[in-house]
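*Asks:* The numbering of the sequence shown is my numbering, which starts it at 8 and goes up by one. By construction, the Cβ of each residue, glycine as well, lies at the ideal position given by its N, Cα and C atoms. Treat the numbers as computed from the prediction; the structure is a model and nothing was measured.
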Amino acid sequence: MEKQQRVFVAGHTGMVGSAVVRQLQSSGYQNLLLRDRQQIDLTRQRAVEELFASEQIDFVIIAAAKVGGIEANRTYQADFLYQNLVIATNIIHAAFEAKVEKLLFLGSACIYPRICQQPIKETALLSGPLEATNEGYAIAKIAGLKLTEMFNRQYGARFISAMPTNLYGENDNFHPTGSHVIPGMMRRFHEAKTTGLKEVTVWGDGSPRREFLHVDDLAAGLFTLMMKYDSPDTINVGCGEDCTIAELATMMKEVTGFTGEIIFDATKPGGTPHRRLSVEKIFELGWRPRVALREGLTQVYQWACQTKVFDKAAAAR
Ligand SMILES: NC(=O)c1ccc[n+]([C@@H]2O[C@H](COP(=O)([O-])OP(=O)(O)OC[C@H]3O[C@@H](n4cnc5c(N)ncnc54)[C@H](OP(=O)(O)O)[C@@H]3O)[C@@H](O)[C@H]2O)c1
8 MEKQQRVFVA
18 GHTGMVGSAV
28 VRQLQSSGYQ
38 NLLLRDRQQI
48 DLTRQRAVEE
58 LFASEQIDFV
68 IIAAAKVGGI
78 EANRTYQADF
88 LYQNLVIATN
98 IIHAAFEAKV
108 EKLLFLGSAC
118 IYPRICQQPI
128 KETALLSGPL
138 EATNEGYAIA
148 KIAGLKLTEM
158 FNRQYGARFI
168 SAMPTNLYGE
178 NDNFHPTGSH
188 VIPGMMRRFH
198 EAKTTGLKEV
208 TVWGDGSPRR
218 EFLHVDDLAA
228 GLFTLMMKYD
238 SPDTINVGCG
248 EDCTIAELAT
258 MMKEVTGFTG
268 EIIFDATKPG
278 GTPHRRLSVE
288 KIFELGWRPR
298 VALREGLTQV
308 YQWACQTKVF
318 DKAAAAR
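1. With a cut-off of 8 angstroms, do at least 3 Cβ pairs link the stretch 139-152 to the stretch 81-89?
2. Check whether the stretch 150-164 and the stretch 315-323 are in contact - that is, three or more C-beta pairs closer than 8 angstroms.
3. Let me check one thing: in DSSP terms, what residues is ASP272 bridge-paired to?
4. Report the residue ranges of all alpha helix (DSSP H) runs contained in full by the stretch 27-82; include only those spanning at least 4 residues, in chain order.
5. Can you grab the Cα-Cα spacing for the pair MET157 / SER168, in whole Å?
6. Less than 8 angstroms separating the beta-carbons of PRO126 and SER285?
7. Mind checking GLU218: buried by the 16 CB within 10 Å criterion, or exposed?
8. Excluding the 5 residues preceding and the 5 following ALA227 in the sequence, name in chain order all residues of the same chain whose CB lies nearer than 7 angstroms to its CB.
9. Considering only heavy atoms of ligand 2, does any lie closer than 7 angstroms to the CB of ASP65?
10. Using the Cβ count rule (16 or more neighbours within 10 Å means buried), how would you classify ASP43?
11. Less than 7 angstroms between C-beta atoms, sequence neighbours within five positions excluded: which residues of the same chain meet that for THR20?
12. With a threshold of 7 angstroms (Cβ to nearest heavy atom), would ILE47 be considered close to ligand 1?
13. Which value, in whole angstroms, describes the spacing of the CA atoms of VAL93 and GLU56?
14. Look at the alpha carbon of THR130 and the alpha carbon of LYS235, and state the distance between them as a whole number of angstroms.
15. Say the cut is 7 angstroms; is the CB of SER115 nearer than that to a heavy atom of ligand 1?
16. Using CA atoms only, rank isn't needed, just tell me which of ASP48, GLU104 and GLN84 is closest to ALA71.
17. Quick check on this structure: which residue in LEU229, VAL244, GLY247 and ASP240 has the alpha carbon closest to the alpha carbon of SER34?
18. Which ranges would you report for the beta strand (DSSP E) in the stretch 230-318 if only whole runs of at least 3 residues count?
19. Give the straight-line distance between the Cα atoms of LEU137 and LYS73, rounded to the nearest whole angstrom.
20. What separation, rounded to the nearest whole angstrom, lies between the Cα atoms of GLU62 and LYS106?
21. Tell me which same chain residues have a C-beta within less than 7 angstroms of the C-beta of ILE77, skipping the five on either side of it?
22. Using the DSSP secondary-structure output, state which residues sit across from PHE219 in a beta bridge.
23. Whole angstroms are fine: how far does the CA of LEU174 sit from the CA of LYS109?
24. So, helix, strand or coil for SER186, using DSSP?
25. Return the Cβ separation of PHE66 and VAL28 in integer angstroms, given the expectation that the two are a contact with Cβ distance under 8 angstroms.
26. Could you tell me the boundaries of the beta strand (DSSP E) in which ALA145 lies?
27. Just the Cα atoms here: how many angstroms apart are VAL262 and GLU206?
28. Classify ILE122 as helix, strand or coil using the three-state DSSP reduction.
29. Given this structure, state the Cα-to-Cα distance separating LYS10 from GLN32, to the nearest angstrom.
30. Can you find the residues in the same chain that come closer than 7 angstroms, C-beta to C-beta, to GLN6, ignoring five residues on each side of it along the sequence?
31. How is SER25 classed by DSSP in three states: helix, strand or coil?
32. Specify the secondary structure class of LYS109 as computed by DSSP and reduced to three states.
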């Protein structure tokens with residue numbers, strides 16, 4: 008990937024896409040093709056085909072997707088399946104037709120079976136039933152990764168896929184109903200602190216174990232894959248360490264300065280009991296995460312306060 012070549016970052020306004028743009032720009036890539044949803048709806052096949060026909064695109068990173076937390080995934084299964092399937096097929100096929108040099112598709116750790124051996128190796132794919140609460144999203148992501156794999160195997164296209172673990176960072180979604188565990192928890196602890204609440208309730212019993220990777224570390228990992236990885240087989244991107252939701256909540260309490268009590272509501276779903284990715288394959292390429300969880304949470308909390316994302320989330324209610 009030469010610095011003057013044209014790189015299309017699909018979904019550049021999102022958390023991952025914006026981190027990828029920061030990574031590319033700081034590495035000297037200025038010829039980026041960036042189109043927001045107003046300029047192109049990636050679920051429209053003709054619009055995507057026209058984009059690839061009219062622009063000379065050399066590389067593609069697909070960070071566009073419909074993304075959400077447990078509640079959004081469970082409630083809007085059809086939307087998560089349909090939109091993610093269509094975004095993936097539209098871009099991957101158009102990129103193939105346009106003969107782009109290399110494409111990276113992003114999936115997620117939720118493509119792996121609900122119960123599987125930890126840490127989860129890439130070979131666990133399709134070895135058991137999925138977590139029911141995000142089946143629609145997972146099936147779309149599995150279809151996308153299989154599409155890159157099969158274009159790679161059948162045609163020798165340099166199409167690859169990466170499966171990141173749970174991510175957090177700047178430009179995360181702090182919306183009251185659609186957010187993931189870290190931004191959702193951060194918002195609720197912040198609101199509890201600023202409104203003087205005595206307790207914060209966390210869904211589940213606190214026992215599920217989760218791995219969290221800072222999005223800037225992910226972006227550096229994806230850059231490594233664009234430079235060094237061409238295999239049709241998908242590859243995990245994680246940090247290799249996990250913690251319980253209870254431990255995360257305690258850390259969040261300290262980072263936000265909330266002084267009340269944490270209550271665990273075991274009547275609410277906590278999601279997959281255990282999920283940590285095996286990172287052997289990507290570590291072999293020389294990449295390592297740099298941001299420790301507490302340091303990352305502190306940085307994101309400062310960013311969120313400065314950019315007033317909590318006020319925007321409250322206004323969205
Ligand atoms: N967040 C995580 O913890 C996590 C973990 C593992 C993997 N991933 C993967 O990383 C990728 C990016 O996730 P993210 O967290 O960065 O999500 P995000 O912040 O919600 O960003 C998604 C991006 O996709 C764009 N988009 C969605 N639908 C579109 C459409 N129809 N047309 C044009 N643009 C569209 C969004 O545009 P708008 O801003 O207009 O909505 C936004 O720029 C996804 O593939 C996800 O599966 C995320």
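*Replies:* For this structure:
1. Yes, since at least three Cβ pairs between the stretch 139-152 and the stretch 81-89 fall closer than 8 angstroms, the two stretches touch.
2. no
3. On the sequence shown, position 265 is the one that residue 272 refers to. DSSP lists TRP210 as partners of ASP272.
4. The stretch 27-82 contains these whole alpha helix (DSSP H) runs: 52-61 and 77-82.
5. Translated into positions along the sequence shown, residue 157 becomes position 150. Translated into positions along the sequence shown, residue 168 becomes position 161. Their backbone Cα atoms lie some 11 angstroms apart in a straight line.
6. Against the sequence shown, residue 126 aligns to sequence position 119. Against the sequence shown, residue 285 aligns to sequence position 278. Yes, the Cβ-Cβ distance between PRO126 and SER285 is below 8 angstroms.
7. Here residue 218 refers to the residue found at position 211 of the sequence shown. Flag for GLU218 reads buried.
8. The sequence position of residue 227 within the sequence shown is 220, counting from 1. So the list reads GLN30 and TRP294, once near-sequence residues are dropped.
9. Of the ligands this structure carries, namely ligand 1, none is ligand 2.
10. Position 36 of the sequence shown, counted from the start, is the residue given in the question as residue 43. Flag for ASP43 reads exposed.
11. Your numbering for residue 20 matches position 13 in the sequence shown. Correct list, in chain order: ASP43.
12. The residue you call residue 47 lines up with position 40 of the sequence shown. Flag set: Cβ of ILE47 near ligand 1.
13. The residue labelled residue 93 in the question sits at position 86 within the sequence shown. The residue labelled residue 56 in the question sits at position 49 within the sequence shown. Using only the alpha carbons, I get a separation of about 13 angstroms.
14. Translated into the one-based positions of the sequence shown, residue 130 becomes position 123. Translated into the one-based positions of the sequence shown, residue 235 becomes position 228. Approximately 20 angstroms, taken between the alpha carbons.
15. Position 108 of the sequence shown holds residue 115. Answer for SER115: yes, Cβ within range of ligand 1.
16. Looking up residue 71 in the sequence shown gives position 64. Taking only the C-alpha atoms, the option nearest ALA71 is ASP48.
17. What you label residue 34 is simply residue 27 of the sequence shown in a count that begins at 1. Residue LEU229 is the option with its Cα nearest to SER34.
18. 242-244 and 268-272
19. Within the sequence shown, numbered from 1, the residue matching residue 137 stands at position 130. Within the sequence shown, numbered from 1, the residue matching residue 73 stands at position 66. Here the alpha carbons of LYS73 and LEU137 stand approximately 19 angstroms from one another.
20. Reading the sequence shown from its first residue, position 55 is the one you call residue 62. Reading the sequence shown from its first residue, position 99 is the one you call residue 106. Each residue's alpha carbon lies about 12 angstroms from the other.
21. As a working mapping, residue 77 is identified with position 70 in the sequence shown. Taking C-beta separations shorter than 7 angstroms and ignoring five residues to either side along the sequence, the partners of ILE77 in its chain run THR140, PRO276 and GLY278, following chain order.
22. Here residue 219 refers to the residue found at position 212 of the sequence shown. Answer is ASN173, bridged to PHE219.
23. Here residue 109 is taken as the residue at index 102 of the sequence shown, counted from 1. Here residue 174 is taken as the residue at index 167 of the sequence shown, counted from 1. Each residue's Cα considered, the two are about 24 angstroms apart.
24. Working through the sequence shown from its first residue, we reach residue 186 at position 179. Of the three classes helix, strand and coil, the one that applies to SER186 here is coil, per DSSP.
25. To locate residue 66, count along the sequence shown from 1; it is residue 59. To locate residue 28, count along the sequence shown from 1; it is residue 21. So it is not a contact: roughly 13 angstroms between Cβ atoms.
26. Position 138 of the sequence shown, counted from the start, is the residue given in the question as residue 145. Here ALA145 belongs to no beta strand (DSSP E); instead the alpha helix (DSSP H) covers 142-162.
27. The residue given as residue 262 occupies position 255 in the sequence shown. The residue given as residue 206 occupies position 199 in the sequence shown. If you take the alpha carbons of VAL262 and GLU206, they lie about 16 angstroms apart.
28. By 1-based counting over the sequence shown, the position of residue 122 is 115. ILE122: coil per DSSP, three-state reduction.
29. For the purposes of this step, residue 10 is identified with residue 3 of the sequence shown, where counting begins at 1. For the purposes of this step, residue 32 is identified with residue 25 of the sequence shown, where counting begins at 1. Their Cα atoms are separated by approximately 10 angstroms.
30. The chain is shown only over 8 to 324; residue 6 falls outside these bounds and no answer can be derived.
31. As a first step, residue 25 must be located in the sequence shown, where it is residue number 18. Looking at SER25 - three-state DSSP - the assignment turns out to be helix.
32. If you number the sequence shown from 1, residue 109 lands on position 102. Correct three-state label for LYS109: strand.
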